[in-house]
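Working notes for the structure below.
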Amino acid sequence: MEGAQAAEWDRRKQQELYALLKRRGFVWPSFEIYGGVAGFYDLGPLGSVLKDNIESAWKRTFLVEEGFMQVDCPSISPETVFRSSGHLEKFSDIMTRCVSCSAPFRADHLLSDAGIDAVDLTAEVMGTYLTEKDVRCPSCGGTLGPVEEFNLMFKTHIGPGTDRPAYLRPETAQSIFMDFSMLYRSNRERVPFGVAQLGKGYRNEISPRQGLLRQREFHMAEGEFFFDPLERTFPPFSTNRDRSVPLLMASDPERTVEMPLGRAVEDGIICSEVLAHFMGVTHRFVLSIGIPRAAMRFRQHGRKEMAHYANDCWDLEVLTSSGWVEMVGIADRSAYDLSQHARGSGCDLTALRRFTTPRTKEAVKVRTDKKVLGPLFKARAKEVDELLCGTGSAELERMRSSGTIQLVLKDGSSVNVPASAFSFETVTETVQGERYTPHVVEPSFGIDRLMVAVLEHSYVETASSPMKESDKDEDGDGGPYRVMRFLPSVAPIKCGVFPLLPKDNLPELALKLSSELRSAGLAVHYDPSGSIGRRYARMDEVGTPFALTVDHRTLEDGTVTIRDRDTGEQRRLRSSDAARKVLDLVQCSTAFSDL
RNA sequence: GCAGGUGUGGUCCAGCUGGUUAUGACUAAGGCCUUCCAAGCCUUUAACCCGGGUUCGAAUCCCGGCACCUGCACCA
Numbered sequence: 176m177e178g179a180q181a182a183e184w185d186r187r188k189q190q191e192l193y194a195l196l197k198r199r200g201f202v203w204p205s206f207e208i209y210g211g212v213a214g215f216y217d218l219g220p221l222g223s224v225l226k227d228n229i230e231s232a233w234k235r236t237f238l239v240e241e242g243f244m245q246v247d248c249p250s251i252s253p254e255t256v257f258r259s260s261g262h263l264e265k266f267s268d269i270m271t272r273c274v275s276c277s278a279p280f281r282a283d284h285l286l287s288d289a290g291i292d293a294v295d296l297t298a299e300v301m302g303t304y305l306t307e308k309d310v311r312c313p314s315c316g317g318t319l320g321p322v323e324e325f326n327l328m329f330k331t332h333i334g335p336g337t338d339r340p341a342y343l344r345p346e347t348a349q350s351i352f353m354d355f356s357m358l359y360r361s362n363r364e365r366v367p368f369g370v371a372q373l374g375k376g377y378r379n380e381i382s383p384r385q386g387l388l389r390q391r392e393f394h395m396a397e398g399e400f401f402f403d404p405l406e407r408t409f410p411p412f413s414t415n416r417d418r419s420v421p422l423l424m425a426s427d428p429e430r431t432v433e434m435p436l437g438r439a440v441e442d443g444i445i446c447s448e449v450l451a452h453f454m455g456v457t458h459r460f461v462l463s464i465g466i467p468r469a470a471m472r473f474r475q476h477g478r479k480e481m482a483h484y485a486n487d488c489w490d491l492e493v494l495t496s497s498g499w500v501e502m503v504g505i506a507d508r509s510a511y512d513l514s515q516h517a518r519g520s521g522c523d524l525t526a527l528r529r530f531t532t533p534r535t536k537e538a539v540k541v542r543t544d545k546k547v548l549g550p551l552f553k554a555r556a557k558e559v560d561e562l563l564c565g566t567g568s569a570e571l572e573r574m575r576s577s578g579t580i581q582l583v584l585k586d587g588s589s590v591n592v593p594a595s596a597f598s599f600e601t602v603t604e605t606v607q608g609e610r611y612t613p614h615v616v617e618p619s620f621g622i623d624r625l626m627v628a629v630l631e632h633s634y635v636e637t638a639s640s641p642m643k644e645s646d647k648d649e650d651g652d653g654g655p656y657r658v659m660r661f662l663p664s665v666a667p668i669k670c671g672v673f674p675l676l677p678k679d680n681l682p683e684l685a686l687k688l689s690s691e692l693r694s695a696g697l698a699v700h701y702d703p704s705g706s707i708g709r710r711y712a713r714m715d716e717v718g719t720p721f722a723l724t725v726d727h728r729t730l731e732d733g734t735v736t737i738r739d740r741d742t743g744e745q746r747r748l749r750s751s752d753a754a755r756k757v758l759d760l761v762q763c764s765t766a767f768s769d770l
């Protein structure tokens, strides 16, 4: 069903990989000594570095290359935030359960089937209605149990007592919207601009089954790119216009079509250049951490799947042992989030659209004479003054010509204002621009899922180590030879350093070499024990791309061997050049074959 | 959350018609050997998911919890 490539992941291979991940210290279930809790995982010594390296690659793409500004905000937010964002409502289901067959149902769905509009009803009220209308279990006809609210957000409280409810964020994005004005100012009041945040998100999943793919606490990296919806073109898109990507359109969910992003925008398949640009950026980033091109596709959300305010939404999916899995969601969320928070907070979250030339506008202004208003209205003078200025000049003119100028004050009383209390003045105003709410395109990355994808796509099983002479079936059933073919940039350890034998001063030389590499900023692993083949194998298993070995020739001419993980090939280098060469190899500025 | 299955050293597994010193392999650690790809030999560490019950005696039978697998539901 999921295609030949997924089928290649039989259960044995998957277990083999997950055993390796635990054995070598990449990842394992949390709280194991207490029996564990579903949906929580610990990243071990290698896993946490791998995650950092993926995040570093992400920062390089979004912060350095795309110029996003970074923020780092709290994980806990007061309830009002999620009331505005819509999470309080959208993230919770009001559930009921059949007493006899225990099938779960959404109470609001059952009520609307019974002809009652259940929107905005509380769980309690829904329960009452269900009883009144004698709604029964649709599958077996049994009675329904109590109605309960289930929210996917973790709830907590700020301070003592329970009167300040708060939630752990289900995504990192909201704080960026709340900080919009500060960020707009940081960007010297110019749109477009992007803001990024890396951090944890929390979702209290009902039953997180697919292991690392669906966790209750997970790493996210999100970007929010604010732009003016009236700008039709987006110049940075030129870097991605010709990039060809596989698209699975909502109109034809059976067929993946490969096409350049530029054409997809022209043909109206992708809604804007901004959205297409970030699909291109995402494609480039995911390739850069080692996911093969063929294992990627962009899937467009259908109308129903998409939130009502969204214009267009594409998921980057990667083929894994669990089939195609969403790794990144790239959505055009229009002005929804900023508008919601503007309304909820009463604060202005708009930007200024500057006119190319400031517009001058002639306006007739009301000018009041306070010397007349003060003695006449005393304490009420201020209110009358404000009313006069607030009333349009045209309206005042009309009233003046009709003879009486009567204004109604807040307390309901009305006052007559003499015509001498104000005059009209024609002023010319220059208007620099108009305020508008920017739209936002949100690329949202699941870092843990990307890590799983990197691990699975890096994992290779072979019959024997790369340079083994005879391919004879070793009688030991130690399983296949396992290699993690990480790209050097994401590999947790960049280089192994070994003495060929633990004697003749070789360990001392190797230790010296290893500290030289460390000083150059390289994560190295020094290992003097066991046969050389075993040590290479250990490094292959954790995906270390290179290994340096000090041997007896080192004593004579100061050269060491360097081994390439994927081919097993070896070259000799001057020991004194080793650190720089390995650095070049890791940064991919030199190829192994050019050494 | 429901139904069914499963839970034994770091990993994979045997034992599970109650009584064993709980089997084996891999890995790991130490040593011998070894001049480049998991070689060999010796040694060592290390396990019955948690809690309760039945029983003279529980890894084994029963109940509850937790976790994992399969299916259903859920996945804004």
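Heads up: the first sequence runs through residues 176 to 770, numbered per this note's numbering.
For each residue, glycine too, the CB sits at the ideal point set by N, CA and C.
CB-CB length for residue i against residue j, believed under 8 Å
i: T271; j: F257; result: That pair is no contact at about 24 Å.
i: G671; j: T719; result: 5 Å
i: V665; j: I229; result: 6 Å
i: P533; j: V606; result: 6 Å
i: Y656; j: E631; result: Rounded, the Cβ-Cβ distance is 18 Å, inconsistent with contact.
i: D487; j: L450; result: 6 Å
Same chain, Cβ closer than 6 Å to residue i, neighbours up to 5 away in sequence not counted
i: H458; result: V420
i: K188; result: none
i: S231; result: none
i: E397; result: T347, A348, Q372, S619
i: M244; result: V370
i: Y377; result: F329, L343, E392
i: L491; result: T457, F473, M502, V503
i: L327; result: F266, R378, N379
i: K669; result: L697, A698, V761
Proximity to residue i [Cα-Cα], best of the options
i: P408; options: E448, T605, L675; result: Rather than Pro, the amino acid found at residue 408 in this sequence is Thr. Of the listed residues, the one whose Cα sits closest to T408 is E448.
i: R746; options: D715, L758, D769, M301; result: D769
i: D338; options: Y484, L494, E254, T765; result: E254
i: D512; options: H452, S664, H262, Q390; result: H262
i: T158; options: E480, E609, G565, P682; result: This structure gives no information on residue 158, because the portion of the chain shown stretches from 176 to 770.
i: P682; options: E307, F721, H727; result: H727
i: H516; options: M642, P663, P613; result: P613
i: V615; options: F355, V635, E731; result: F355
i: M481; options: R418, S382, K265; result: K265
i: T729; options: R749, P655, V440; result: R749
i: G519; options: V590, F352, V592; result: F352
i: A569; options: M357, F599, L584, G498; result: F599
i: S694; options: E558, R418, P435, A753; result: A753
i: P663; options: R430, S764, T601; result: S764
i: H700; options: F721, L676, T566; result: F721
Same chain only: Cβ atoms within 7 Å of residue i, ignoring 5 sequence neighbours per side
i: L218; result: V202, K226
i: D652; result: Note that D652 has pLDDT 43, beneath the 50 cutoff, so the model's placement of it is unreliable and the number below is only indicative. Closer than 7 Å at the Cβ level, and outside the excluded window around D652, lies no residue.
Enclosing beta strand (DSSP E) for residue i [first to last residue]
i: M395; result: 392–402
i: R746; result: 745–749
i: N368; result: Correcting the residue type first, residue 368 is Phe in the shown sequence and not Asn. F368 -> beta strand (DSSP E) spans 368–377.
i: Q475; result: 471–475
Sequence-distant residues of its chain with Cβ nearer than 8 Å to residue i (five each side left out)
i: G549; result: A556
i: A485; result: H476, A506, D507, R508, S509, Y511
i: E649; result: Any reading at E649 must be qualified, since the residue scores a pLDDT of 41, below 50, and its modelled position is unreliable; the value itself is stated next. Same-chain partners within the cutoff: S639.
i: I622; result: K226, I229, E230, W233, L373, F393, H394, M395, A396
i: A594; result: R575, I580
i: F453; result: G398, F400, I505, V616, P618
i: E716; result: L195, R199, R657, V658, M659
Beta-ladder partner(s) of residue i, from DSSP
i: E561; result: Looking at the DSSP assignment, E561 forms no beta bridge with any residue, so it has no partner.
i: C522; result: DSSP, once it has assigned bridges, lists no residue as partnering C522.
i: F721; result: C670, D739
i: V592; result: Its beta-bridge partners do not exist; DSSP assigns none.
i: W499; result: L494
i: R529; result: G608
i: R384; result: Looking at the DSSP assignment, R384 forms no beta bridge with any residue, so it has no partner.
i: E537; result: T603
i: E433; result: P421
Residue i: first and last residue of the uninterrupted alpha helix (DSSP H) it sits in
i: P682; result: 681–694
i: G219; result: Unbroken run through G219: none, as it is neither H nor E.
i: I351; result: 349–353
i: Y656; result: Note, Y656: premise wrong, no alpha helix (DSSP H); beta strand (DSSP E) at 656–659.
i: S252; result: Segment 251–253 is the beta strand (DSSP E) holding S252; no alpha helix (DSSP H) there.
i: E631; result: 622–633
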